[in-house]
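Enquirer:
In UniProt numbering, the protein residues as written are 1 to 148.
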């Protein structure tokens, strides 16, 4: 599904929806040169639908699903970004919840050869108990250390 804003609208963008693992909806929206990705039957209402990395960005091609007993509980998706000529990528760990879906962590991938491993460890350890309304998004630098 794709929606377009009317010509002359204040902003331009699109919304795409596809079927993910186990039939779980994946909603990808673009606005102001930034991508927003959320999941589930009510994906537009989830916290993740309003979250992205700070710079202008696009999403990578691979969406990694983290599973427990065959059911998805988190995803890892690479966002490529560009800010004032500086370019890089960030791995975004997203919690998939029954009542809310949100970003758990942003891991700077450039300069971090273990970024994928770190993202998996964070997803497995932190996403299941992460409370989207109470807990704060964590950011990790190129050395893999938490920066916030």
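Ideal placement from N, C-alpha and C gives every residue a C-beta, glycine not left out.
A quick note: this is a predicted structure, and the numbers were derived from the prediction, not measured.
Does the region 81-94 come close enough to the region 104-116 that 3 or more CB-CB pairs lie under 8 Å?
Expert: Yes, they touch.
Enquirer: Excluding the 5 residues flanking residue 9 on each side, which residues of the same chain have their C-beta closer than 6 Å to its C-beta?
Expert: Here residue 9 scores only 40 on pLDDT, less than 50, and its place in the model should not be relied on; the value that follows carries that caveat. If we look at residue 9 and ignore the five residues flanking it on each side, it has no Cβ neighbours.
Enquirer: What first and last residue would you give for the alpha helix (DSSP H) that runs through residue 117?
Expert: First-last of the alpha helix (DSSP H) with residue 117: 115-126.
Enquirer: Cα-Cα, which of 56, 35, 71 and 61 is closest to residue 21?
Expert: That would be 71, whose Cα lies nearest to the Cα of residue 21.
Enquirer: Whole angstroms are fine: how far does the CA of residue 17 sit from the CA of residue 1?
Expert: Unreliable placement is indicated for residue 1, whose pLDDT of 38 sits below 50; the coordinate value is still reported in the next sentence. Between residue 1 and residue 17, the C-alpha separation is close to 5 Å.
Enquirer: Does residue 95 pass the burial test, meaning 16 or more other C-beta atoms within 10 Å, or should it be called exposed?
Expert: Buried.
Enquirer: For residue 98, which residues from the same chain have a beta carbon less than 7 Å from its beta carbon, with the 5 sequence-adjacent residues on both sides left out?
Expert: Contacts found: none.
Enquirer: Can you look up residue 21 in the DSSP assignment and give me helix, strand or coil?
Expert: Of the three classes helix, strand and coil, the one that applies to residue 21 here is helix, per DSSP.
Enquirer: Given a cut-off of 7 Å on the beta-carbon distance, is the pair residue 104 and residue 133 in contact?
Expert: No, these two residues do not count as a Cβ contact at 7 Å.
Enquirer: Go through its chain and collect everything with a Cβ distance to residue 147's Cβ below 7 Å, but skip five positions before and after it.
Expert: Around residue 147: 139, 140 and 141.
Enquirer: Just reading off the beta strand (DSSP E) that residue 39 is part of, what are its end residues?
Expert: Run containing residue 39: 34-39, per the beta strand (DSSP E) assignment.
Enquirer: Residue 95 lies in the beta strand (DSSP E); which residues open and close that run?
Expert: Taken as a continuous stretch (DSSP letters only), the beta strand (DSSP E) holding residue 95 covers 86-95.
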